[in-house]
Amino acid sequence: MSTLKYNDGATQFRLRLACAILSHRPLLLRNIRPDDLSSPGLREHEISFLRLLDTLTNGTTIEINTTGTQLRFVPGVLLGCDGGEHLCPKSRGVGYFMEGILPLVMFGKGSFEMTFRGVTEGCTQDMTVDYISSSVLPLLSKFGVGANEDFGGAPHLKIHKRAAAPKVNVPNANDNQDLGAVTLYCPQLTTLSIIDFVDPGFVKRIRGVSSSTKLNPTSSSRASHAAKGVLHKLLPDVWIHTDAAKKGGSSKNGGVTPSLSVTLWAESTTGVVLSHPSLSLNTGPSKSKSGKPELPEDLGQRAALHLLHEVQCGGCVDTTAQSLVLLLMCLTPEDVSRVRLGTLSPYSVLALRLFKEVFQVEFQITTNQNKNSGDDTEETDKTILMSCLGSGYRNMTKAST
Numbered sequence: 307m308s309t310l311k312y313n314d315g316a317t318q319f320r321l322r323l324a325c326a327i328l329s330h331r332p333l334l335l336r337n338i339r340p341d342d343l344s345s346p347g348l349r350e351h352e353i354s355f356l357r358l359l360d361t362l363t364n365g366t367t368i369e370i371n372t373t374g375t376q377l378r379f380v381p382g383v384l385l386g387c388d389g390g391e392h393l394c395p396k397s398r399g400v401g402y403f404m405e406g407i408l409p410l411v412m413f414g415k416g417s418f419e420m421t422f423r424g425v426t427e428g429c430t431q432d433m434t435v436d437y438i439s440s441s442v443l444p445l446l447s448k449f450g451v452g453a454n455e456d457f458g459g460a461p462h463l464k465i466h467k468r469a470a471a472p473k474v475n476v477p478n479a480n481d482n483q484d485l486g487a488v489t490l491y492c493p494q495l496t497t498l499s500i501i502d503f504v505d506p507g508f509v510k511r512i513r514g515v516s517s518s519t520k521l522n523p524t525s526s527s528r529a530s531h532a533a534k535g536v537l538h539k540l541l542p543d544v545w546i547h548t549d550a551a552k553k554g555g556s557s558k559n560g561g562v563t564p565s566l567s568v569t570l571w572a573e574s575t576t577g578v579v580l581s582h583p584s585l586s587l588n589t590g591p592s593k594s595k596s597g598k599p600e601l602p603e604d605l606g607q608r609a610a611l612h613l614l615h616e617v618q619c620g621g622c623v624d625t626t627a628q629s630l631v632l633l634l635m636c637l638t639p640e641d642v643s644r645v646r647l648g649t650l651s652p653y654s655v656l657a658l659r660l661f662k663e664v665f666q667v668e669f670q671i672t673t674n675q676n677k678n679s680g681d682d683t684e685e686t687d688k689t690i691l692m693s694c695l696g697s698g699y700r701n702m703t704k705a706s707t
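If you read the sequence shown in my numbering, its first letter stands for residue 307, the second for the next number, and so on.
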């Protein structure tokens, strides 16, 4: 197999590594931050992700030059993990690592189960555990993952302990005892199922989680009440769970850093779940546009407005999970799969080019020109229909019976 060569550094780092493993093709990345004089090359979280992939595979070869600006990755056989543990650096959340391996976990030799220890709250650039549990894992079930309950049931996420991203001035911030713990479980399967996910339906209820660590328990309640104040104007069925760790006591109650986050998701009449990655409020540096410290009420209102914007974009998959769904569609059997999306994100556009190069799968994009007529207004449906012919990927490491 020919080597996948890229000269734009760490762009799409996790996605390219996942595609290299699934296609069994070597990967060569050059020019990884060569202009950064203080810290060139791979970052700590990227090296940790490579260690994670090495744990999940057998026979993988990883070569990094002395400056860390070039990486050669030769994938081995994907075996998975059953009961292991991965220590994530505090520079990124545990969602960074779980998001990167989600396209791989169902193709192991057995069921996947691993505990991730690290930051669960406060990393706005990564998927949070609540978002993965509420929005991403149900998408895996659409492809047949966990359809047979005799082989372990549906994929799920169990949160043992929450912990926010540490601050520089927090004492004992480097203590590993202050890390959160999350267990991800996913059953194995031989082949994915094709999908025809085109009807978004109507929103029937909204659920959410307002979690806080090392803050007054009323902070999560205030954020939840503010979010419901916005959503109740449109829908009566709104329920937001509050998860507040104790303000005092040991680090077992949620680390040493105060944090507040809100995750909301909307469920439709056709089984569609639309969500927005949780918005976090770290006490101290987080400020509103006016320059004043942001209150829990402001956070709750922002979370509600972001969710409403995601619903307005339409489609059956939210913006953040687009690339994952498109990748799984490439791996389905050699039949047509369809999904309706809202506006394609720039990251999804780059992902489509990568999938065409690696799997030779092209998507047909059909815009929806229908108009929804109301009493006084006429609104155009801006969703797009994505369809492709799968590559017929099979899990060859699954034990035969």
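Cβ coordinates follow ideal geometry from the N, Cα and C atoms, glycine included.
Distance check for residue j and residue i, CA to CA, integer angstroms please.
| i | j | result |
| --- | --- | --- |
| residue 309 | residue 370 | 16 Å |
| residue 509 | residue 377 | 45 Å |
| residue 554 | residue 428 | Note that residue 554 scores 45 on pLDDT, short of 50, meaning its location in the model is unreliable; the coordinates nonetheless yield the value given after this. For residue 554 and residue 428, the distance between alpha carbons rounds to 19 Å. |
| residue 710 | residue 451 | With the chain running from 307 to 707 in the structure shown, residue 710 is simply not present. |
| residue 425 | residue 650 | 29 Å |
| residue 336 | residue 380 | 15 Å |
| residue 433 | residue 613 | 15 Å |
| residue 394 | residue 606 | 29 Å |
| residue 499 | residue 361 | 27 Å |
| residue 356 | residue 628 | 23 Å |
| residue 351 | residue 313 | 20 Å |
| residue 641 | residue 449 | 13 Å |
| residue 464 | residue 490 | 7 Å |
| residue 572 | residue 514 | 9 Å |
| residue 471 | residue 570 | 21 Å |
| residue 610 | residue 536 | 7 Å |
| residue 365 | residue 349 | 24 Å |
| residue 368 | residue 615 | 42 Å |
| residue 687 | residue 445 | 23 Å |
| residue 531 | residue 403 | 32 Å |
| residue 701 | residue 321 | 19 Å |
| residue 636 | residue 318 | 17 Å |
| residue 342 | residue 492 | 38 Å |
| residue 634 | residue 363 | 20 Å |
| residue 581 | residue 656 | 22 Å |
| residue 538 | residue 315 | 46 Å |
| residue 523 | residue 600 | 17 Å |
| residue 382 | residue 699 | 16 Å |
| residue 624 | residue 541 | 20 Å |
| residue 608 | residue 516 | 13 Å |
When you compare the CB positions of residue i and residue j, do they come within less than 8 Å of one another, or not?
| i | j | result |
| --- | --- | --- |
| residue 645 | residue 631 | yes |
| residue 497 | residue 639 | yes |
| residue 665 | residue 697 | yes |
| residue 385 | residue 406 | no |
| residue 442 | residue 400 | no |
| residue 583 | residue 626 | yes |
| residue 440 | residue 578 | no |
| residue 409 | residue 328 | yes |
Report all residues from its chain with a CB closer than 7 Å to the CB of residue i; omit the five preceding and five following residues, and keep chain order.
| i | result |
| --- | --- |
| residue 534 | 544, 546 |
| residue 487 | 421, 423, 466, 467 |
| residue 576 | 505, 506, 507 |
| residue 653 | 629 |
| residue 346 | 339, 340, 373, 374, 375 |
| residue 323 | 333, 359, 379 |
| residue 325 | 660, 664 |
| residue 689 | 620, 621, 646, 647, 648, 674 |
| residue 658 | 632, 669 |
So what does DSSP say about residue i, is it helix, strand or coil?
| i | result |
| --- | --- |
| residue 295 | The structure shown has nothing for residue 295, since the chain only spans 307 to 707. |
| residue 606 | helix |
| residue 688 | coil |
| residue 420 | strand |
| residue 582 | strand |
| residue 436 | helix |
| residue 708 | Nothing about residue 708 can be reported from this structure: the residues present for the chain run from 307 to 707 only. |
| residue 618 | helix |
| residue 451 | coil |
| residue 524 | helix |
| residue 328 | helix |
| residue 641 | coil |
| residue 338 | coil |
| residue 612 | helix |
| residue 500 | coil |
Quick one: residues in its chain with C-beta nearer than 8 Å to the C-beta of residue i, no 5 flanking neighbours on either side, listed in chain order?
| i | result |
| --- | --- |
| residue 525 | 518, 550, 566, 602 |
| residue 504 | 622, 644, 645, 646, 691 |
| residue 447 | 453, 460, 461 |
For residue i, which residues from the same chain have a beta carbon less than 6 Å from its beta carbon, with the 5 sequence-adjacent residues on both sides left out?
| i | result |
| --- | --- |
| residue 430 | 586 |
| residue 354 | 395 |
| residue 680 | Since pLDDT at residue 680 reaches only 48, below the 50 mark, its modelled position is unreliable, and no value is offered. |
| residue 475 | Bear in mind that the predicted position of residue 475 carries a pLDDT of just 44, short of 50, making it unreliable; the figure below should be weighed with that in mind. Answer for residue 475: no residue qualifies. |
How about residue i: is its Cβ closer than 7 Å to a heavy atom in the ligand SAM?
| i | result |
| --- | --- |
| residue 645 | Looking for the ligand SAM in the displayed structure turns up nothing, as the structure carries no ligands at all. |
Say whether the segment 666 to 674 touches the segment 689 to 700, bearing in mind that this needs 3 or more beta-carbon pairs closer than 8 Å, one atom from each stretch.
yes
Check whether the segment 402 to 420 touches the segment 379 to 390, taking contact to mean three or more Cβ pairs, one atom from each stretch, closer than 8 Å.
With a cut-off of 8 Å, the segment 379 to 390 and the segment 402 to 420 count as touching, because enough Cβ pairs lie within range.
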